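Residue numbers (the working numbering), protein chains in the order written: chain A, 514 to 844; chain B, 285 to 669.
Rendered as structure tokens:
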């Protein structure tokens, strides 16, 4: 991390480097999932890996989420460190029985004897017109489950570094990656590596209002902040990163400073991450608030196919700008 | 809905050009707020609003010329519930509220943010006297902060029929400083008249070549001329604290009066090294912040001499009370047309009366006079400022 030079790469490339590094570092690590081998990954994240690491370590699996996620859990129990790729979070619902009834509960049910060190990666959120079959955001659902660590890679730095730390966890970790970010380029320090999986991060410091977000909301909020800065509105942006367990401290410290909060997420509004964040603000920071907390969430419909409706179904940069202006202009 | 129309600024005005909206859709405005700049035959005029409410629509576009009486904007008055036409997509799903009207009387409740309530309690602020500026008219932190600073709290203690009013906040600070000044500083006063015709001619010509937003006000000439005069007579730029201490930096304190009463004096640091443009920018930044009581502490403590510019449409002369430990305060009156005798002829000139109040412990009449003469000379060469 001492290297000061930066590297401009796509989010896809950042993910790829993370997996590549993990495969090099430990023989116990292997990648399994639909189309990860011969096809190079549904989103071309593991292109070339089959040739480099061979069939034992880059494993194509049948279209059977419950089956192969269960196999990954079994491999973890047997001492391996599997990276299980579920193409999109939408298909992971088929594997929920394995994830909840086995991965998240075995440590408890074995009286602390059996850890399940499996890492499950899945793509979440909208792609580019991939319709309701492939575009949903299930972070709130997974974050509800005790026994799972849920992390969200909203930046290139986290796309690059979260996997490595997740593989060190003795317990199951689910990493949410984002289809909509795959082709996006950004600069990361060329020495980037492992990142912590404990804390939310302040991506931009500000004093007027806290925007609390995760996933694709992070870059949108940063872009909105630039627009707001031209109106002399200085927002702070918190990237939650870890959706379970949530880091209260960073949120509370920020609100103690700004006294106002807006939560931004792509997932549906009701019973969501934003619901949880707002509850925690009420529990821990009520007397710091100078305005009602507001939120921008996904519209509660299956994500539509047409581009204009897809865009309208989730919060966009301009929605964030408008909401912040509305909250601040009362000053 | 209130219609805000192009005002008539005199019987001869038929139309005006909207140069700039100072407000946006959704902004809250109150009586006296400047909401637009309008260019008229009489120059660029700041247009005030006389109602209170939320801007619902800006109808006239910037650059448009419209006749007097044209509806320029719609304002939703306070308390009126009008469904605002949404220009931008702010999602707000209808919220199904289950309100038991028998037990909850929302309208009667005082709306105040938790933070504001906490601060009010700590500071002992009576909430019934405060008007909220937050969402739905709620009281927010800013309202309490202002109340704390501005408060003239009437602790009415009826002892023998006497009412004692404890003065607090800014008023108290002014009272203390000015009492100390009048008690300790032996003031003397000098006054002179300065012909402003050259300065104003130069300013008019200079402004003609500038973009609207870059135009200068005459006050920057006065400030710059003062700064240059101080360079010639540095003794006026000093503190009296255990003797005379001359100050190297010329930081001119500029008195800004507040609408609510009271005055604050932000400093214009090293005014002698700043161009007129820089001074204008500085004032544009400082004055609104001063009015909102959002100055940095350094800005309130750095000044080495004070300038009080009473401004347009005001009295002709102002005699200041020195702000200790400074040793001088300069007062500029309104610029007015006056009879002017020169070279045996009588004519009229735009004239400003300048007064200097000085600390006789530090300065004598001769020095004070030299200072005012230097100022007068500088204002005759506006191009060199």
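All C-beta atoms in this analysis are idealised placements derived from N, C-alpha and C, irrespective of residue type, glycine included.
Remember, it's a predicted structure, so these values are computed and weren't measured experimentally.
Beta carbon proximity, residue i to chain B, threshold 7 Å
i                     : result
residue 842 (chain A) : yes
residue 833 (chain A) : no
CA-to-CA distance, residue j to residue i, given in whole angstroms
i                     : j                     : result
residue 568 (chain A) : residue 629 (chain A) : 23 Å
residue 613 (chain B) : residue 619 (chain B) : 18 Å
residue 305 (chain B) : residue 486 (chain B) : 29 Å
residue 775 (chain A) : residue 315 (chain B) : 30 Å
residue 466 (chain B) : residue 323 (chain B) : 45 Å
residue 731 (chain A) : residue 829 (chain A) : 11 Å
residue 813 (chain A) : residue 827 (chain A) : 9 Å
residue 675 (chain A) : residue 688 (chain A) : 8 Å
residue 313 (chain B) : residue 362 (chain B) : 10 Å
residue 399 (chain B) : residue 409 (chain B) : 13 Å
residue 463 (chain B) : residue 752 (chain A) : 54 Å
residue 681 (chain B) : residue 418 (chain B) : Given that chain B is displayed from residue 285 to residue 669, the structure contains no residue 681 (chain B) and the question cannot be resolved.
residue 376 (chain B) : residue 724 (chain A) : Only weak support exists for where residue 376 (chain B) lies, its pLDDT of 42 falling under 50; the coordinates are left without a value.
residue 789 (chain A) : residue 547 (chain A) : 33 Å
residue 668 (chain B) : residue 638 (chain B) : 20 Å
residue 560 (chain A) : residue 678 (chain A) : 22 Å
residue 335 (chain B) : residue 286 (chain B) : 8 Å
residue 811 (chain A) : residue 647 (chain A) : 15 Å
residue 318 (chain B) : residue 429 (chain B) : 23 Å
residue 518 (chain B) : residue 402 (chain B) : 49 Å
residue 773 (chain A) : residue 662 (chain A) : 28 Å
Which listed residue (the options) has its alpha carbon closest to that of residue i
i                     : options                       : result
residue 354 (chain B) : B:404, B:424 and B:301        : B:301
residue 420 (chain B) : B:468, B:338, B:406 and B:487 : B:338
residue 808 (chain A) : A:780, A:585 and A:524        : A:780
residue 595 (chain A) : A:744, A:619, A:608 and A:570 : A:570
residue 651 (chain A) : A:841, A:829 and A:815        : A:815
residue 617 (chain A) : A:656, A:604 and A:738        : A:656
residue 771 (chain A) : A:717, A:819 and A:564        : A:717
residue 509 (chain B) : B:309, B:346 and B:657        : B:657
residue 541 (chain A) : A:632, A:605 and A:525        : A:632
residue 651 (chain B) : B:520, B:545, B:532 and B:628 : B:520
residue 664 (chain B) : B:500, B:478, B:501 and B:631 : B:478
residue 588 (chain A) : A:526, A:602, A:544 and A:759 : A:544
residue 540 (chain B) : B:525, B:560 and B:584        : B:584
residue 538 (chain B) : B:560, B:574 and B:545        : B:574
residue 532 (chain B) : B:553, B:547, B:546 and B:545 : B:553
residue 690 (chain A) : A:666, A:832 and A:712        : A:666
residue 502 (chain B) : B:635, B:572, B:645 and B:288 : B:635
residue 602 (chain B) : B:608, B:590 and B:611        : B:590
residue 746 (chain A) : A:624, A:721 and A:778        : A:721
residue 670 (chain A) : A:837, A:839 and A:527        : A:527
residue 556 (chain A) : A:637, A:620 and A:831        : A:637
residue 727 (chain A) : A:760, A:742 and A:744        : A:760
Proximity test, Cβ basis, 7 Å: residue i and chain A
i                     : result
residue 427 (chain B) : no
residue 570 (chain B) : no
residue 402 (chain B) : yes
residue 533 (chain B) : no
residue 311 (chain B) : yes
residue 398 (chain B) : yes
residue 424 (chain B) : yes
Curious, which full-length beta strand (DSSP E) runs of at least 3 residues does the stretch 497-552 of chain B contain?
You should have 522-524, 528-530 and 536-538.
Anything in the stretch 793-807 of chain A with a Cβ closer than 8 Å to a Cβ of chain B? List those residues in chain order, please.
Cβ contacts with chain B: 799, 800, 801, 802, 803, 804 and 805.
Residues of the stretch 758-787 of chain A in Cβ contact with chain B at a cutoff of 9 Å, in chain order, please.
772 and 782
Ranges of the alpha helix (DSSP H) found wholly within the stretch 543-588 of chain A, counting only runs of at least 4
562-566
Identify every run of the alpha helix (DSSP H) within the stretch 634-695 of chain A, keeping only runs that are complete inside it and at least 4 residues long; order them along the chain.
644-647, 652-656 and 669-681
Those runs of the beta strand (DSSP E) which lie wholly inside the stretch 593-637 of chain B and span at least 3 residues
612-616 and 620-626
What are the residues of the stretch 460-482 of chain B that lie near chain A, defined by any Cβ-Cβ distance shorter than 8 Å?
none
Would you list, in chain order, the members of the stretch 405-423 of chain B that have their beta-carbon closer than 7 Å to a beta-carbon of chain A?
417, 418 and 419
Can you give me, in chain order, the residues of the stretch 809-838 of chain A that have a beta carbon less than 9 Å from any beta carbon in chain B?
809, 810, 812, 813, 825, 828, 829, 831, 832, 834, 835, 836 and 838
May I have a chain-ordered list of the alpha helix (DSSP H) segments no shorter than 4 residues that lie completely inside the stretch 731-775 of chain A?
761-771
Any alpha helix (DSSP H) of 4 or more consecutive residues that is wholly inside the stretch 299-327 of chain B
none
May I have a chain-ordered list of the alpha helix (DSSP H) segments no shorter than 4 residues that lie completely inside the stretch 555-593 of chain B?
560-575 and 581-585
Note down, one range per segment and in chain order, each alpha helix (DSSP H) of at least 4 residues found wholly within the stretch 391-430 of chain B.
398-407
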